[in-house]
Amino acid sequence: MDLKAVRAFVAIADSGQFQKAAVDLALTQQAVSKRIAALEKNLGVRLLVRTPRGAELTIDGQALLPHARVLLRAEERATAAVRPGDRALRVDVVGRRAATGGLVQHFHRAHPETALDVVTLFDVETAVTALRDGAVDATFRAVTMPGQRLPDGIAVTPVLDEPLRLCVGPGHPFARADRVTTAQLAGHRIWMPGNVPGTEWHAYYEELAAAFGPAIDTIGPNFGLEALLDTIAGSPTVATFLSERTPHVWPAAHDLRLVPLVDPVPVYPHSLLWRTDNPHPGLTALRDYLVATRPRPPEGATWRPAWAEPPPARVPPTRAASPSG
1 MDLKAVRAFV AIADSGQFQK AAVDLALTQQ AVSKRIAALE KNLGVRLLVR TPRGAELTID
61 GQALLPHARV LLRAEERATA AVRPGDRALR VDVVGRRAAT GGLVQHFHRA HPETALDVVT
121 LFDVETAVTA LRDGAVDATF RAVTMPGQRL PDGIAVTPVL DEPLRLCVGP GHPFARADRV
181 TTAQLAGHRI WMPGNVPGTE WHAYYEELAA AFGPAIDTIG PNFGLEALLD TIAGSPTVAT
241 FLSERTPHVW PAAHDLRLVP LVDPVPVYPH SLLWRTDNPH PGLTALRDYL VATRPRPPEG
301 ATWRPAWAEP PPARVPPTRA ASPSG
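Residue numbers (full-length UniProt numbering): 1 to 325.
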């Protein structure tokens with residue numbers, strides 16, 4: 001069904017006149033008549049009859065009208081879902097179980113008036129392409145992994161240095177430790193089946209392994225966080241890296257431990273990326289919220305790869321007000 005013809009039909013039903021509907025739609029009266037004729041031919045029924053006062057709905061026209069309004073509302077919602085400026089703020093959080101997913105949840109609680117569309121894009125190249133094309137409004141990434149450079153027009157500001165902790169089961173040698181130094185990780189098996197080559201997190205953990213000697217094991221299918229924790233809980237040798245900010249309900253029966261890592265504290269650096277010419281009002285609210293609520297870095301020395309050192313905030317300058325007078 002031609003929605004342009006449906007819109008013309010509803011406009012005539014509302015105004016009662018072909019001429020008034022043509023003015024409202026910025027069309028000629030002849031164009032409106034052609035659309036109605038095409039709609040009637042398509043449906044095989046008469047929808048409108050002309051009268052000395054304008055136009056009236058037939059019985060079939062009366063039956064169609066509420067459904068026609070539903071069609072037009074559906075078109076409006078579909079258009080708003082994808083049109084920049086009209087649609088919800090679309091944010092890539094990498095993973096809904098990641099700390100960045102938690103950041104966006106907190107923003108939503110603080111700003112429920114901002115409509116959100118949360119997506120998960122896998123790698124930084126896909127995310128930056130989506131930013132550049134306007135498919136997403138913002139993404140959280142560790143920038144920039146070796147061999148990559150952000151394109152012009154993409155702004156970035158640090159929002160979270162996430163301290164890593166060692167997640168172990170009750171039988172692991174570090175289960176009763178108050179803290180573990182990063183040097184003590186040498187030779188210990190760290191199982192991370194989701195650590196996929198080519199991603200920024202793979203580059204991060206490869207450099208962590210080179211610096212401190214843990215054996216990063218990526219072998220095996222990735223069945224998700226629950227399956228990973230099941231394995232960690234029952235193993236006296238396998239551990240993984242997690243964070244207190246990981247949005248997850250911990251299985252009480254597993255008796256898992258999150259042991260702090262110190263001297264230095266390895267932190268995973270999250271930054272917010274966006275396109276500088278993106279006018280979405282929700283983007284400004286999100287950026288301002290994340291900057292204002294950015295957690296303090298952990299006490300003591302911290303570690304991150306040299307390529308992941310916090311970049312200077314590249315926020316577009318605020319235009320100064322013109323002097324009065």
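The beta-carbon is built from N, C-alpha and C at its ideal position, and this holds for glycine as well.
| query | result |
| --- | --- |
| Using DSSP with H/G/I as helix, E/B as strand and the rest coil, what is R165? | strand |
| Per the DSSP calculation, F241 is bridged to which residue(s)? | L166 |
| Just to confirm, does D178 get its C-beta within under 7 Å of one of the non-hydrogen atoms of the ligand FMN? | In the structure shown, the ligand FMN is absent, as is every other ligand, since no ligand is present at all. |
| Going by other Cβ atoms of all chains shown within 10 Å of its Cβ, with 16 needed for buried, is L3 buried or exposed? | exposed |
| Residue range of the alpha helix (DSSP H) that G234 falls in? | L225 to G234 |
| Tell me which residues share the same chain as residue 339 and place their Cβ nearer than 6 Å to its Cβ, disregarding the 5 neighbours each side in the sequence. | Residue 339 cannot be examined here, being either before or after the span of the chain that is shown, 1 to 325. |
| Report yes if the CB atom of A142 is closer than 8 Å to the CB atom of E200, and no otherwise. | yes |
| Keeping to the same chain, check which residues put their C-beta closer than 7 Å to that of E162; ignore five residues upstream and five downstream. | A99, S243, R245, V267, Y268 and H270 |
| Can you find the residues in the same chain that come closer than 7 Å, C-beta to C-beta, to L185, ignoring five residues on each side of it along the sequence? | F212, G213 and P214 |
| Counting Cβ pairs closer than 8 Å, one from the region 49-69 and one from the region 113-130, do we hit at least three? | no |
| Quick one, are the C-beta atoms of P251 and G220 less than 8 Å apart? | no |
| Can you look up W303 in the DSSP assignment and give me helix, strand or coil? | strand |
| Is DSSP giving W250 helix, strand or coil here? | coil |
| Give me the Cα-Cα distance between L290 and F107, rounded to the nearest whole angstrom. | 8 Å |
| Cutting at 6 Å between CB atoms, please list the residues of its own chain near D123, excluding the five before and the five after it. | T199 |
| Rounded to the nearest angstrom, what separates H280 and R296 at their Cα positions? | 28 Å |
| Could you name the residues of the same chain whose beta carbon sits closer than 6 Å to that of A175, not counting the 5 residues immediately before and after it, in chain order? | V168 and R257 |
| Along the alpha helix (DSSP H) that carries D133, what are the first and last residues, could you check? | V124 to D133 |
| Residues in the same chain with beta-carbon distance under 8 Å from L164, minus the five sequence neighbours each way, listed in chain order, please. | F241, L242, S243, L261, V265, P266, V267 and Y268 |
| Please state if the CB of V104 and the CB of V91 are separated by a distance shorter than 8 Å. | yes |
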